[in-house]
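K.L.:
So the sequence shown is numbered by my numbering: it starts at 2 and just counts up by one. Have a look at this one.
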Amino acid sequence: MKRVRLPLIALAAAGVLALTACAGDGGDAPDETTAPDAEEMTFDEGTTMAELSEAGTITIGTKFDQPLFGLFDPAADAPVGFDVEIGKIIAGKLGIDEGSIEWVETVSANREPFIENGQVDIVVATYTINDDRKQVVSFAGPYYMAGQSILVLADNEDIMSEDDLVGQPVCSVTGSTPAAMLEEIGAEPVLTDTYSNCLEPLRNGQVVAVSTDNVILAGLAAQNEGEFKVVGEPFTEEPYGIGLALEDTDFRMWINDVLEEAYADGSYEEAWNSTAGTVLPYVEPPTPDRY
Ligand code: GLU
């Protein structure tokens, strides 16, 4: 067991988890009378948690063009949004403050390769957990349940549901689950690399709709007030997970612990309210799937 000393702020944030981890080590629990700055959080040597914590930095892949979830803010020189806040919560539990996080843009198609190549430590990027992806990466979570929906021009009266997309050109993104679903329902997918790149084709009539997760579309509609609207009911389930290296089970389980603690201590709800919650209602988060 290797000890990793953490800054005071991280210890305050670590709370219950640190105590649980120490208690589980057999007699290594911290003395409650010890001054907070003398306390230590321990991670088993060789784990990703120990490595990242010691390095004092983590590389997180997220979206840079999706309002509410991951949108690059030039003033802050960093992305903002709910996924970004989830990334910060995880980093904080490793003793890494937000200024020491390296943010990397991951578009839909490069999330698995970036994890596989070690270009990122984790991906928090409206990333649906599914069996195909689980062949090459692992997922903590889910931490949010989205669903595929439809964005059209505000004055469109013809498209009400996915049935109206059959045989129609609809924009989505390469490597995404909605792109595959469009194919399945008989639409004509017009694919690009990011959802923001679908907006011009929608404006100029090259496509009749954009289709992806409801929460992404809600963000795009809110960013371009009055121009677009989201129609119909979500017609898939998109459980959002945190992507990480395949078979890094310790790290996956630890992130699941972090999520459950964030649900319990209010930090998850706070992260939602300060980002996506400005437009979308809060819903109770799903229980992480400890597969
Ligand atoms: N959640 C879906 C996916 O992971 C669509 C959103 C996205 O492309 O990021 O493919």
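The beta carbon of each residue, even a glycine, is placed where N, CA and C say it ideally should be.
For N257, which residues in the same chain have their Cβ closer than 7 angstroms to its Cβ, ignoring the five residues on either side in sequence?
P.N.:
Closer than 7 angstroms at the Cβ level, and outside the excluded window around N257, lie A141, P289, R291.
K.L.:
State the beta-bridge partners of C172 as determined by DSSP.
P.N.:
Note: C172 sits in a beta bridge opposite V191, V211.
K.L.:
Spatial neighbours of W255 within its chain, please: C-beta separation below 7 angstroms, excluding the five flanking residues on both sides.
P.N.:
Excluding positions up to five away in sequence, the list reads M50.
K.L.:
Here's a check: name, in chain order, each residue in its chain whose Cβ is nearer than 6 angstroms to the Cβ of A92, leaving out the five neighbours to either side.
P.N.:
Once the five neighbours on either side are set aside, the close Cβ partners of A92 are I59, I102.
K.L.:
Return the CA-CA distance between L192 and D122, expressed in angstroms with no decimal places.
P.N.:
Going from the Cα of L192 to the Cα of D122 covers about 27 angstroms.
K.L.:
Taking the Cβ atom as the reference point for each residue, do A223 and V174 lie within a distance shorter than 7 angstroms?
P.N.:
Taking 7 angstroms as the Cβ cut-off, A223 and V174 do not qualify as a contacting pair.
K.L.:
On the three-state DSSP scale, how would you describe P286?
P.N.:
DSSP places P286 in coil when its eight states are reduced to three.
K.L.:
For S275, is the classification buried or exposed, using 16 other Cβ atoms within 10 angstroms of its Cβ as the cut-off for buried?
P.N.:
With fewer than 16 Cβ atoms within 10 Å of its Cβ, S275 is classed as exposed.
K.L.:
What distance in whole Å lies between the Cβ atoms of P179 and V208, which are believed to be in contact at a cut-off of 8 angstroms?
P.N.:
That pair is no contact at about 13 angstroms.
K.L.:
If you draw a straight line from the alpha carbon of G47 to that of L200, how long is it in whole angstroms?
P.N.:
Cα to Cα, G47 sits roughly 45 angstroms from L200.
K.L.:
Helix or strand or just coil, what does DSSP make of S275?
P.N.:
Note: S275 maps to coil in three-state DSSP.
K.L.:
Looking at G148 and E285, is the spacing between their C-beta atoms short of 7 angstroms?
P.N.:
No, they are not a contact pair.
K.L.:
Compute the Euclidean distance between the alpha carbons of P235 and S54, then round it to the nearest angstrom.
P.N.:
Their Cα atoms are separated by approximately 39 angstroms.
K.L.:
Given Y241, which residues of its chain have a CB within under 7 angstroms of its CB, disregarding the five upstream and five downstream residues?
P.N.:
Cβ within range, chain order: T127, Y128, T129, G142, P143, Y144, Y145, A147.
K.L.:
In whole angstroms, what separates the C-alpha of E113 from that of V137?
P.N.:
In a straight line, the C-alpha of E113 is about 7 angstroms away from that of V137.
K.L.:
Using 6 angstroms as the cut-off, classify the Cβ of L145 as near or not near the heavy atoms of ligand 1, replying yes or no.
P.N.:
The displayed chain sequence assigns Tyr, not Leu, to residue 145. Y145 Cβ: outside cutoff for every heavy atom of ligand 1.
K.L.:
State the DSSP-derived secondary structure class of T63, mapped to helix, strand or coil.
P.N.:
The answer is strand: DSSP assigns T63 an E or B state.
K.L.:
From which residue to which residue does the beta strand (DSSP E) around V81 run?
P.N.:
It spans 79 to 81 - the beta strand (DSSP E) in which V81 sits, taken as one unbroken run.
K.L.:
Hey, V232 and I160: beta-carbon distance below 7 angstroms or not?
P.N.:
Going by C-beta atoms, V232 is nearer than 7 angstroms to I160.
K.L.:
If you drop the 5 nearest sequence neighbours on each side, which residues of the same chain put their C-beta closer than 7 angstroms to that of P80?
P.N.:
Same-chain partners within the cutoff: T63, F65, G71, L72, F73, D74, W104.
K.L.:
Excluding the 5 residues preceding and the 5 following E33 in the sequence, name in chain order all residues of the same chain whose CB lies nearer than 8 angstroms to its CB.
P.N.:
Residue confidence for E33 is low, a pLDDT of 40 falling below 50, so the modelled location carries little weight and cannot support an answer.
K.L.:
So, G244 versus Q67, is the Cβ gap smaller than 7 angstroms?
P.N.:
The answer is no: Cβ separation not under 7 angstroms.
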